[in-house]
Amino acid sequence: NQIDSILLDRRQHSSIPDARSVRAADCDTDHYLVVAKVRERLAVSKQTTHRVHMERFNIKQYRVKISNSFAALEILDTEVDVNKAWETIRENIKISAKES
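The sequence shown runs 149 to 248 under our numbering.
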């Protein structure tokens with residue numbers, strides 16, 4: 149008669165409410181099958197909430213700044229080089245992003 153057992157850490161001993169050996173299982177060995185019920189405790193990941201700085205979102209002022217910067221683009225001559233127009237648009241977007 150051989151005793152089969154389950155090894156656990158001390159801190160996890162409460163995670164197994166029931167363990168039994170099953171003699172009827174035909175495993176073609178001289179040991180008995182050990183069946184255990186395991187209670188798994190999953191840790192919930194804590195996500196920090198980011199505070200929103202509402203003073204940064206003065207929406208009316210932001211809209212005015214954006215409309216002014218893009219109004220300058222409309223004034224550009226239609227025959228301006230495409231690369232220069234792209235550089236101007238990109239700089240306006242970067243400046244607007246830094247301000248907001």
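For each residue, glycine too, the CB sits at the ideal point set by N, CA and C. What you are looking at is a predicted structure, and each value in this text was computed from that prediction instead of being measured.
Classify SER193 as helix, strand or coil using the three-state DSSP reduction.
Counting from 1 along the sequence shown, the entry for residue 193 is found at position 45. If DSSP states are grouped into helix, strand and coil, SER193 belongs with coil.
Output the boundary residues of the beta strand (DSSP E) element that contains SER169.
Looking up residue 169 in the sequence shown gives position 21. Counting along the chain, the beta strand (DSSP E) containing SER169 begins and ends at 166 to 170.
Mapping DSSP to helix, strand and coil, what is ALA173?
In the sequence shown, counting from the first residue as 1, residue 173 sits at position 25. Three-state DSSP puts ALA173 in coil, outside helix and strand.
Where does LEU156 fall in DSSP's three states?
Here residue 156 refers to the residue found at position 8 when the sequence shown is read from its first residue. It is coil, neither helix nor strand.
If the criterion is Cβ atoms closer than 9 Å, does the pair ILE164 and VAL186 meet it?
Reading the sequence shown from its first residue, position 16 is the one you call residue 164. Reading the sequence shown from its first residue, position 38 is the one you call residue 186. In contact: ILE164 and VAL186 (Cβ atoms closer than 9 Å).
For the alpha helix (DSSP H) containing VAL200, name the first residue and the last one.
The residue labelled residue 200 in the question sits at position 52 within the sequence shown. Run containing VAL200: none; DSSP gives neither H nor E here.
What are the boundary residues of the alpha helix (DSSP H) that includes VAL230?
Here residue 230 refers to the residue found at position 82 of the sequence shown. 230 to 247 is the span of the alpha helix (DSSP H), which, as asked, contains VAL230.
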